[in-house]
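Contents: one structure, followed by commentary.
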Amino acid sequence: MSKEYKGKTLSEILRMEQARNFLGKGMREDGRELTQYRPIDIKIGTIEKAFGSATVYLGDTIVVTGVNFEIGTPFTDSPDSAILLVEGEILPTASFEAEAGPPDEYEIEMSRVVDRSLRESGIIDFKKYVIVPGEAVLKIFVDFNILNDDGNIIDAAVIGAVAALATAEMPDLDYIRENLENVNNNNIKEVPRKPFQIEEVPIANTIAMYGDKMFVDPTASEEEVADALITYTHLSTGEICSIQLLKGSLSYEDVFKALDLAYEKSVEIRNILRERGIISG
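Sequential numbering of the sequence shown, starting at 814, is according to the working numbering.
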């Protein structure tokens, strides 16, 4: 048995072979064009106890994102900056390969790519969320869980993180400053809230290659057979804030061809967020 089939179910092997057969002909197993995303649905406020949340349905891939806030001590090298913590997990029920326990290499890489997409984009102005310089700042948690993995998790996770942050309500920092002795992380959810403000809207787009065919939004089986996977994150200005090669390699020409395609798709997804009233402008 080929190494790439090790640990795969018969159904997964058949889907991989089907994906390989279709892509070789310049087609997709689900009938999409090479440059077409699966349907995207975004639901807001899906986690009742979170300060902000969103569930993203990208085809059969389902990602749930929650935003929470705590009071924390700033890092010594950045006493006047809030803290961002991003962590993702693929639930054991999400795919045949997912397992319970500590995050594996893929989950760690996935979390880092989403973290970098948010952090490097400037979506959060960390200076705004200082409570007492050098003593207390806001800790911002962005946690996402993969409920069903049918590929392209990173794109879906970034959409979910943006949607959850853009619609989150944060504890009123003025109230916390005035009542610092009485407010702690045990009662922070009782503090009056105000809308959380985002400064930018990063959009991640993962581009896949199979032979000389380049395509967007790969399914799980398409990711398995792809020769290369690369994720670009664009700002609303069209600038790039992060790039991550997830698999394989690309030629110099293909790097820029993929970059152009990623930018085109980032505009489409940002427009979806606007149309749903999640972001403005």
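A virtual CB, placed ideally from N, CA and C, is assigned to each residue, including glycine. These numbers were taken from a predicted model, which means no experiment stands behind them.
Start-to-end residues for the alpha helix (DSSP H) that takes in residue i
i     : result
N1084 : 1065-1088
D987  : 986-991
Beta-carbon gap between residue i and residue j smaller than 9 Å
i     : j     : result
V880  : A863  : yes
T859  : L1074 : no
I1121 : G901  : Residue 1121 falls outside the range modelled here, since the chain spans only 814 to 1094, and no answer is possible.
G947  : D893  : yes
I853  : I1016 : no
K1002 : G837  : no
L951  : I896  : yes
A867  : I855  : yes
D963  : D1040 : no
F1009 : A979  : yes
Three-way DSSP call (helix, strand, coil) for residue i in this model
i     : result
K816  : For K816, the pLDDT reaches just 49, beneath the cut-off of 50, and the residue's location in the model is therefore unreliable, leaving the point undetermined.
F882  : strand
V927  : helix
M829  : helix
V1096 : The question about residue 1096 has no answer, for the chain in this structure spans 814 to 1094.
E861  : coil
S1093 : coil
Heavy atom of the ligand SAM within 8 Å of residue i beta-carbon
i     : result
E1013 : Among the components of this structure there are no ligands whatsoever, and the ligand SAM is therefore not found.
Extent of the continuous beta strand (DSSP E) to which residue i belongs
i     : result
G865  : 865-871
A949  : 949-961
V1004 : No beta strand (DSSP E) contains V1004, which DSSP labels as neither H nor E.
E900  : 896-903
Problem set entry | Uninterrupted alpha helix (DSSP H) stretches inside the stretch 1007-1075 (no shorter than 4 residues) | If one requires a minimum length of 4 residues, the alpha helix (DSSP H) runs lying completely within the stretch 1007-1075 are 1033-1038, in chain order.
Exercise. For the stretch 1025-1036 against the stretch 1044-1057, are there 3 or more C-beta pairs whose distance is under 8 Å?
Worked result: Contact between the stretch 1025-1036 and the stretch 1044-1057 is absent, because fewer than three Cβ pairs lie under 8 Å.
For this session: Please determine if the stretch 1068-1083 and the stretch 1016-1030 are in contact, where contact requires at least 3 C-beta pairs separated by less than 8 Å.
Result: Verdict: yes, contact present.
Problem set entry | Given 8 Å, three or more beta-carbon pairs between the stretch 834-846 and the stretch 934-953 | The stretch 834-846 is not in contact with the stretch 934-953.
Exercise. Is the stretch 919-936 in contact with the stretch 973-982, if contact means three or more CB pairs nearer than 8 Å?
Worked result: These segments touch.
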